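Visitor: Can you keep this structure in mind? I'll have questions shortly.
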Amino acid sequence: MTEVRTQLREFLLGWFGEYLPGSVFLWYDALFLCWIVIFSIALHLGLRILTKHLIKDRLIGKRDLTDNDVIVSLVLKLAKNLSFALQGAVVIIQANLWLAQGVTFLYLIKVITDQWIILFLLLSLFTLLDIFQALSDKRSKPAHFPLRGLLQTVKLIASVLTGILAVSLLMDKSPLILLSGLGALSAVLLLVFKDPILGLVAGIQLSANNMLAVGDWLEMPKYGADGDVIDIALTTVKVKNWDKTITTIPTYALISDSFKNWRGMSESGGRRIKRSIHIEMSSVCFLTEQEIEELEKVHLLSDYLAAKRSVVAQENKTKKADMSVMINTRRLTNVGTFRHYLVAFLKQHPKIHQQMTLIVRQLEPNNNGLPIELYAFSNTTNWAEYEDIQSDIFDHIIAILPAFNLRLHESPTGNDIRLLVKQ
């Protein structure tokens, strides 16, 4: 091969010297430069056509993808970057094959193509990482591992190492010399890359402890965040709030500060209802026999009142209590019967989760009356459905209060004051 190249070189130099004016070496270099360019372009176009054909047959046909799919476009971009890198390698091989060693023209080609290959190899790595991210985003169930932050870290490290390699090739020095010099700049580098380092450590902790993932409902009042996590990057976490605004939180803040993750509620299949109604305490009283008989007609109370009346009558008989004095005997109250009605009502409600906690309790009385709190869980986590269920329940509760001779507590309004003044 060397002999053929030498003979071809001598023939061309002799022919250029005989038929073309000027420097024969300049004509020789120009000829092979044109040949290298034409060969590289042809190789690039051939690779592009081949990769498009393979992608359409192998990727699009078998995975039900379209030409405009993100993964397809990234694969085409990766093939393009790799073809450019291969094109640079071919230029160096062609230059070493046809050009004389030691000439300035060959040195310039080597310097330019070295930087060209490094650049497009780095871009190819970036595209490959983007493909991994796109594949992860297409999963129906989002991964708890902070892949985006890790890929961004790999890109950052690869960029720094590539920059060092590129400078070392320009200086014709070993990359280890430049790396040894970076030790003195470690403090500056730590300061410059403080946020990425903190973000990487925070991302690892969030993943290891399964604290946060894309799609979780995050609530962090300090940063005004209340909505779905849409992105976990190296340095920031993006939250799409319920009003459609976007809140950006530093990743390390999720480790240093507290936040509420509603994932447990979403995974449980039920959302808590915890709300009180305030009863006017002056409306609380014992039930008369007539009122008990009337309430026994309510199917949710009939069994309870029948059993309760029997127990109360037996206890009063055993104690031989004076029935003429109300305080001496045990009697049913309207508020206690009302609580048992609410329990029975919630237990037969089709929208209440029956395998979760269900309590109706009386809280400490205050200046707003006697609080009766409902503590239960809906059988759906959908926000709109949850609010409808909760509203329907309390609509019913407020409407049935008069049936128990109970009144809802209300603070005096301006109209109440005006009526008092008129009287």
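Residues in the sequence shown are numbered from 6 upward in steps of one, following this note's numbering.
Glycine residues also receive a C-beta, built at the ideal position from the N, C-alpha and C atoms.
What you are looking at is a predicted structure, and each value in this text was computed from that prediction instead of being measured.
(1) Measure the C-alpha to C-alpha separation of I122 and A94 and round it to an integer number of angstroms.
(2) Since G232 is in the beta strand (DSSP E), which residue starts that stretch and which ends it?
(3) Measuring only the C-alpha atoms, how far is D135 from Q157?
(4) Below 8 Å between beta carbons: does that hold for I220 and D231?
(5) Is A389 helix, strand or coil by DSSP?
(6) I need the DSSP call for P26, collapsed to helix, strand or coil.
(7) Out of K279, L306, L91 and Q210, state which residue places its alpha-carbon closest to the alpha-carbon of L259.
(8) Report the residue ranges of all beta strand (DSSP E) runs contained in full by the region 369 to 420; include only those spanning at least 3 residues, in chain order.
(9) Quick check on the burial criterion: 16 or more other C-beta atoms within 10 angstroms. Buried or exposed for R423?
(10) Residues in the same chain with beta-carbon distance under 8 Å from K265, minus the five sequence neighbours each way, listed in chain order, please.
(11) Is there contact here, the region 342 to 356 with the region 375 to 393, by at least three beta-carbon pairs under 8 Å?
(12) Kindly identify the DSSP beta-bridge partner or partners of N429.
(13) If you compare alpha carbons, which of D119, K85, I237 and L375 is closest to L413?
(14) Run through DSSP, which three-state label would F264 get?
(15) Can you give the beta carbon distance from T256 to A207, rounded, assuming they're within the 8 Å contact cut?
(16) Quick check on DSSP: helix, strand or coil for L17?
(17) On the three-state DSSP scale, how would you describe M361?
(18) Considering E224, what are the terminal residues of the beta strand (DSSP E) in which it resides?
(19) Please list the terminal residues of the continuous beta strand (DSSP E) segment that includes R277.
(20) What do you get for N101, buried or exposed, if any count of 16 or more other CB atoms within 10 angstroms of its CB means buried?
(21) Are the CB atoms of L411 and F343 within a distance shorter than 8 Å?
(22) How far does the alpha helix (DSSP H) with K352 in it extend, from its first residue to its last?
(23) Assess contact between the region 238 to 252 and the region 280 to 288, defined as three or more Cβ pairs (one per stretch) separated by less than 8 Å. Is contact present?
(24) Rounding to the nearest angstrom, what Cα-Cα distance links H429 and F198 in this structure?
(25) Which same chain residues end up closer than 8 Å to P407 when comparing Cβ atoms and leaving out the 5 residues on each side of it in sequence?
(26) When the Cα of L239 is compared with those of V289, P180, L203 and N215, which residue comes out closest?
(27) Please decide whether S383 counts as near chain D, where near means a Cβ-Cβ distance under 8 Å.
(28) Is there contact between the region 261 to 279 and the region 295 to 314, where contact requires at least three CB pairs shorter than 8 Å?
(29) Name the residue from I114, L55 and F131 whose alpha carbon lies nearest to the alpha carbon of N86.
(30) Near T418, what residues of its chain come up, given a Cβ to Cβ distance below 7 Å and the 5 sequence neighbours on each side ignored?
(31) Within the continuous beta strand (DSSP E) that includes V242, where are the two ends?
(32) Between the beta-carbon of S141 and the beta-carbon of L133, is there less than 8 Å?
(33) For T158, which of helix, strand or coil comes out of DSSP?
(34) Within the same chain, show all residues whose beta-carbon is closer than 8 Å to that of L127, passing over the 5 residues directly before and after it, in chain order.
Guide: Quick answer:
(1) On the sequence shown, residue 122 is found 117 positions in, with the first residue counted as 1. On the sequence shown, residue 94 is found 89 positions in, with the first residue counted as 1. The straight-line gap from Cα to Cα measures roughly 7 Å.
(2) Position 227 of the sequence shown, counting from 1, holds the residue named residue 232. Element bounds for G232: A230 to I237.
(3) As a working mapping, residue 135 is identified with position 130 in the sequence shown. As a working mapping, residue 157 is identified with position 152 in the sequence shown. Those two C-alpha atoms are separated by around 10 Å.
(4) Mapped onto the sequence shown, residue 220 falls at position 215. Mapped onto the sequence shown, residue 231 falls at position 226. Looking at the sequence itself, residue 220 is Gly, so the reference to Ile does not match. Not in contact: G220 and D231 (Cβ atoms no closer than 8 Å).
(5) Counting from 1 along the sequence shown, the entry for residue 389 is found at position 384. In the structure shown, A389 adopts helical secondary structure according to DSSP, grouped into three states.
(6) Against the sequence shown, residue 26 aligns to sequence position 21. Below a pLDDT of 50, predicted positions are generally treated as unreliable, and P26, at 47, falls in that range; the measurement from the model is reported next regardless. Residue state, collapsed to three classes: coil.
(7) Reading the sequence shown from its first residue, position 254 is the one you call residue 259. With distances taken between Cα atoms, L259 lies closest to Q210.
(8) 375 to 383
(9) Here the question's residue 423 lines up with position 418 in the sequence shown. Under the 10 Å beta carbon count, R423 is surrounded by fewer than 16 other beta carbons and is classified as exposed.
(10) Position 260 of the sequence shown, counting from 1, holds the residue named residue 265. A distance below 8 Å between beta-carbons, with the five flanking residues on each side excluded, links K265 to the following residues of its chain, in chain order: L223, E224 and M225.
(11) yes
(12) Coverage of the chain is limited to positions 6 through 428, which leaves residue 429 absent and any answer about it impossible.
(13) On the sequence shown, residue 413 is found 408 positions in, with the first residue counted as 1. When only C-alpha atoms are compared, the closest one is L375.
(14) As a working mapping, residue 264 is identified with position 259 in the sequence shown. The answer is coil: DSSP assigns F264 none of H, G, I, E or B.
(15) Your numbering for residue 256 matches position 251 in the sequence shown. Your numbering for residue 207 matches position 202 in the sequence shown. Indeed, because the Cβ distance is near 4 Å, the residues count as touching under 8 Å.
(16) Taking the sequence shown and counting its residues from 1, the one referred to as residue 17 is at position 12. Summary for L17: the model assigns pLDDT 49, below 50, so the residue's position carries little reliability; its value from the coordinates is reported in the next sentence. The answer is helix: DSSP assigns L17 an H, G or I state.
(17) Taking the first residue of the sequence shown as 1, we reach residue 361 at position 356. Coil, per DSSP.
(18) Translated into positions along the sequence shown, residue 224 becomes position 219. Where E224 is concerned, the enclosing beta strand (DSSP E) stretches over W222 to M225.
(19) As a first step, residue 277 must be located in the sequence shown, where it is residue number 272. Unbroken beta strand (DSSP E) run through R277: R276 to I284.
(20) Position 96 of the sequence shown holds residue 101. Label assigned to N101: exposed.
(21) The residue labelled residue 343 in the question sits at position 338 within the sequence shown. The residue labelled residue 411 in the question sits at position 406 within the sequence shown. Yes, these two residues count as a Cβ contact at 8 Å.
(22) As a working mapping, residue 352 is identified with position 347 in the sequence shown. Here the alpha helix (DSSP H) through K352 covers N339 to K352.
(23) no
(24) This structure leaves residue 429 out entirely; the chain is present only between 6 and 428.
(25) As a working note, residue 407 is residue 402 in the sequence shown. Its chain contains no residue whose beta carbon lies nearer than 8 Å to that of P407 once the 5 sequence neighbours on both sides are disregarded.
(26) Here residue 239 corresponds to residue number 234 of the sequence shown, with the count starting at 1. For the residues V289, P180, L203 and N215, the minimum Cα distance to L239 belongs to L203.
(27) Given the protein chain composition of this structure (a single chain), no chain D is represented.
(28) no
(29) Along the sequence shown, read from residue 1 onward, the residue named residue 86 stands at position 81. It is F131.
(30) Taking the first residue of the sequence shown as 1, we reach residue 418 at position 413. Correct list: empty, nothing qualifies.
(31) For the purposes of this step, residue 242 is identified with residue 237 of the sequence shown, where counting begins at 1. Element bounds for V242: T241 to N246.
(32) Translated into positions along the sequence shown, residue 141 becomes position 136. Translated into positions along the sequence shown, residue 133 becomes position 128. No, Cβ-Cβ distance for S141 and L133 is not below 8 Å.
(33) Walking along the sequence shown from the start, residue 158 turns up at place 153. Of the three classes helix, strand and coil, the one that applies to T158 here is helix, per DSSP.
(34) Within the sequence shown, residue 127 is the residue found at index 122, counting from 1. Taken in chain order, the residues that qualify are A163, S164 and T167.
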